[in-house]
Amino acid sequence: MAETQAQRQVPILAALAQPTRLQILDRVAEAGPEGVAAGTIARALRCPASTLSFHLKELSRTGVLEARPEGRFILYSLRRPALKALALYIAGLAGTRPSIRGKRGGAGRGGRRGRPADTGQLTIFGD
45 MAETQAQRQV PILAALAQPT RLQILDRVAE AGPEGVAAGT IARALRCPAS
95 TLSFHLKELS RTGVLEARPE GRFILYSLRR PALKALALYI AGLAGTRPSI
145 RGKRGGAGRG GRRGRPADTG QLTIFGD
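Count the sequence shown with the working numbering and you get residues 45 to 171, in order.
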């Protein structure tokens with residue numbers, strides 16, 4: 045992955061490195077594409093409105109959440125392309141997908157370096 049593509053992932057990783065924000069993403073993901081109101085998230089997480097507002101702003105700023113007005117409410121939904129790009133980046137680091145950086149060193153060895161993959165092991169990337 046080009047350096048600029050990797051740099052795009054840094055703000056997302058920083059935003060996700062907080063337990064409350066991960067809980068927010070879980071609630072928003074459960075709601076599906078129609079989204080969920082901030083008040084519903086606040087009640088589910090028992091999070092004060094000012095704290096939740098800060099976290100929602102940070103997640104929206106990084107492009108992970110989409111905020112759209114719906115009457116008196118703001119509904120939040122996941123921006124799946126941003127999360128898919130992050131998942132692909134991490135999968136590339138883990139060696140679970142072909143690298144787009146090009147081959148380095150032992151291109152003739154035919155395969156990954158390091159220990160062999162455990163084919164019975166589940167991963168978060170669905171392989």
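Just so you know, even glycine gets a beta-carbon here, dropped at the ideal spot from N, CA and C.
Query, Result
"Over what stretch of residues does the alpha helix (DSSP H) that includes Arg22 continue unbroken?", "Summary: the structure shown does not reach residue 22, with the chain confined to residues 45 through 171, and so no result is reported for it."
"Mind checking which residues open and close the beta strand (DSSP E) that includes Pro113?", "Leu109 to Glu114"
"Alpha carbon to alpha carbon, how far is Gln51 from Gly83?", "33 Å"
"For Pro92, collect the residues of the same chain with a Cβ closer than 8 Å to its Cβ; drop the 5 residues on either side in sequence, then sort them by chain order.", "Ala86"
"Should Arg199 go down as buried or exposed, given a rule of 16 or more other Cβ atoms within 10 Å for buried?", "Since the first residue of the chain shown is 45 and the last is 171, residue 199 is not available in this structure."
"Can you tell me the Cα-Cα spacing of Val72 and Leu100, whole angstroms?", "11 Å"
"Applying the criterion that 16 or more other CB atoms from any shown protein chain within 10 Å of the CB defines a buried residue, is Leu69 buried or exposed?", "buried"
"Please name the residue or residues paired with Ser121 in a DSSP beta bridge.", "Glu110"
"Below 6 Å CB to CB, which residues in the same chain sit around Glu102 once its five sequence neighbours on both sides are set aside?", "Ala59"
"Thinking Leu127 and Gln53 are a contact (beta carbons under 8 Å), I'd like their distance in whole angstroms, please.", "Not really, about 11 Å apart at Cβ, beyond 8 Å."
"Please name the residue, chosen from Arg116, Gly76, Gln67 and Leu109, that lies closest to Ile56 on a Cα-to-Cα basis.", "Leu109"
"Of the choices Leu137, Gly139, Pro63 and Gln49, whose alpha-carbon is the least far from that of Thr95?", "Pro63"
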